[in-house]
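Chains as they are written, first to last, in our numbering: chain P, 28 to 339; chain Y, 3 to 513.
Everything on this sheet refers to the single structure shown next.
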């Protein structure tokens, strides 16, 4: 287990290095730089040129990258080209909203999806299973922004029950702000996750040891909790880690629609203004988070069903 | 030159075009305006700029920045609804005979910290805007003709500003973007002290600014108690104002205006035709270096259809000229009409029939790509193939100067002389049509020093007519500037962006 973790950590560092280079190259390939983005007919070309020199954007790309790597290794994410403040401040300011959104979504998704999955799995091909399956399949086919627009139109604009955006809102004062964004994010993740749990449940129920245990008269409740659930959870946990990117894609849309000042908003802003240090800083933090989540998921699976280690 | 008179003049003009009913809607609504009420909180949403948003009034470029700085700070001069300078912190001004030295008399005004406004504050502010070590201060190029070394205080309330070249339009330059007066020694923009109608409470870039009413404001303290300026993209702005999370939403789309007007909670304040949508042809590049081709394009375009389709009917047709409704706009010129036969004849003469031309556009501004596509269709009817090329929206402003012989362009509200200075002189930084004529430059320079307003206006008029008939600007439409307000908001003026009353909240009240 320890060797496995060490090996994974080394791999993670390598992945981060490759990712950093990729992000730098890709963002450098975008047309224009941070100085050009200020060229909105308020600054003259001469002003833009001296701004570029002041921001150090006239230096060779490789030199700027080296500088950035040096900074990161010493724990400094650098300075935003646009605001002039530390990138770390932007990360800190935006991470909160996204974290709240993600945690709130997961807090709803996990119990709902697990319960639904087991329910469907234990009633394989029954009427309930078929109904829920078709509903979740249909739901997962609808893009997040469509769900968002419909929910806002119905619950905010028509009925006036829930706030339509985070504009001017304060989450601490009105947690109700979370309801619609989380509602949108639920759709797809619940569908994907519950289907995995269902599949896992069915597999487990058909497994020889469960059949045998049932034959031996193990009570159904005990059977489900002790024998079926841990096995059913493995694809679920892996799927949960994988829903990371689905969730992130959703968060991006949701943040845009509800004007939530989170990670995705900051990232989009950074790309749009060619604020490379911010884009690099945010992707780095995001990558570290994704790696940790995946590592965590693998370790959890390992713990749930130790034998799965043999499969590697 | 009172402000009220100007406003009436502007609406009168709009009325002449048969638009008074709509333009009037904005200021009053259907019922007679109620008695102004005191108190309350107004939340106004603008297009956000994320980390790009600034507290420094000399670095602004977004509408949300401008509104924020307008609440906290003031300029010596502002622009009225017809883009003509109106007094603010300077209560009056007077040029010498050459319009090279100007005396501005300051109003008796206090800063938010209780100190009085002095000439030192003005001189410090001008020097700060011009500081070459801070190239992002936006007024740098417009105030380049200011000879700071020779500017001086005459007495406590009078300041004398000297120019390196005479310019009768100097007051308008002081009303430009990023020209706010800050206190002498102002170093830290995160602790704003201004003379504006609101005092600073808090600011978060990309999210919000909170400000409180300043009771000692010289122009009459604001009616609302608290002002929240919020940032959000178009969709969220629409939802916020409809869902009751904001009372004011800036820069809305025509589509939204249509749905909003169907309901009762939101009303639309429309400043008629306040910006310009155009195609720009590079006058030094084939085929548009041929004046016949430029004229042919001006004749082949169906302006009304562009306005109907691209602007959803919310705008007025253009006449190949900037600044409809503004000071110095030559009103007497006939409206350019579509004339396919003449266009075809000109194109045939130029040998362009069945040739392909590329039009360069991008999704940089609402309607650009749609307008270009529609133009391609209309050019096809005249026998020219236009191929639409879509570039990167973020670098479009820069690319337009170098790429494509014809492209999409829009221009915000600014005084006509400033438009000419920025875009139509040989050395203009944003000369998208590559209109470079030494004779035009000289004529403009000689017009700009005339201290007699009527004589100046006549000269400007001639120059604009030349541009209309020979230049590369195909101005097809002037979109309305649309603001959505909750039905309880009163006192929001229907004025073009970049003018005094736009994004101004000290005269607004909640019914």
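No residue lacks a Cβ here, since even glycine has one placed at the ideal position from N, Cα and C.
Given that a residue counts as buried once 16 or more other Cβ atoms are within 10 Å of its Cβ, and exposed if not, what is residue i?
i	result
residue 99/Y	exposed
residue 300/Y	buried
residue 236/P	exposed
residue 355/Y	exposed
residue 124/P	buried
residue 102/Y	buried
residue 115/Y	exposed
residue 86/P	exposed
residue 253/P	exposed
residue 142/P	exposed
residue 242/P	exposed
residue 192/Y	exposed
Of all the CB atoms in chain P, is at least one closer than 7 Å to the CB of residue i?
i	result
residue 234/Y	yes
residue 138/Y	yes
residue 237/Y	yes
residue 179/Y	yes
residue 347/Y	no
residue 209/Y	yes
residue 52/Y	yes
residue 166/Y	no
residue 279/Y	no
residue 245/Y	yes
residue 366/Y	no
residue 45/Y	yes
residue 25/Y	Caution is warranted here: a pLDDT of 38 is assigned to residue 25/Y, below 50, making its placement in the model unreliable, and the coordinate value is therefore given only provisionally. False, the Cβ-Cβ gap to chain P never drops below 7 Å.
residue 182/Y	no
residue 488/Y	no
Are any of the Cβ atoms in chain Y nearer than 7 Å to that of residue i?
i	result
residue 202/P	no
residue 74/P	yes
residue 87/P	no
residue 77/P	yes
residue 142/P	no
residue 145/P	no
residue 106/P	no
residue 336/P	Only weak support is given to the placement of residue 336/P: the predicted model assigns it a pLDDT of 46, under 50, and the question is left unresolved by the model.
residue 109/P	yes
residue 174/P	no
residue 179/P	yes
residue 37/P	no
residue 101/P	no
residue 121/P	no
Among the residues of its own chain, which have a CB less than 8 Å from the CB of residue i, if the five just before and after it don't count?
i	result
residue 324/P	264, 265, 267 and 268
residue 248/P	none
residue 421/Y	324, 325 and 413
residue 213/P	132, 135, 136 and 139
residue 305/Y	319, 320, 338, 340, 478 and 479
residue 41/P	none
Could you pull out every residue in the same chain whose Cβ sits closer than 7 Å to the Cβ of residue i, ignoring the five residues on either side in sequence?
i	result
residue 29/P	none
residue 364/Y	370, 392, 393, 394, 395 and 398
residue 513/Y	36, 39, 490 and 492
Starting from residue i, follow its DSSP beta bridges and name the residues at the other end.
i	result
residue 387/Y	358/Y
residue 337/Y	DSSP output for residue 337/Y lists no bridge partner at all.
residue 154/Y	162/Y
residue 87/Y	81/Y
residue 94/Y	107/Y
residue 157/P	Paired residues: none, contrary to the question.
Only counting the same chain, and skipping five residues up and downstream in sequence, which positions put a Cβ closer than 6 Å to that of residue i?
i	result
residue 217/P	136, 139 and 140
residue 144/Y	175 and 178
residue 231/Y	46, 69, 70 and 211
residue 322/P	35
residue 26/Y	For residue 26/Y, the predicted structure reports a pLDDT of 39, less than 50, and the residue's modelled location is therefore unreliable. A value from the coordinates is still provided. Nothing listed; no residue qualifies.
residue 40/Y	225
residue 174/P	211 and 214
residue 503/Y	495 and 497
Is the closest heavy atom of the ligand GDP to the C-beta of residue i under 6 Å?
i	result
residue 355/Y	This structure lacks the ligand GDP; in fact it carries no ligand of any kind.
Scan the region 170 to 218 of chain Y and note each continuous alpha helix (DSSP H) run of 4 residues or more that stays entirely inside, going in chain order.
-> 172 to 175
Fully enclosed by the region 221 to 249 of chain Y, which alpha helix (DSSP H) runs are 4 residues long or longer?
-> 236 to 244
Can you give, in chain order, each stretch of the beta strand (DSSP E) that sits fully within the region 297 to 334 of chain Y and has at least 3 residues?
-> 317 to 319
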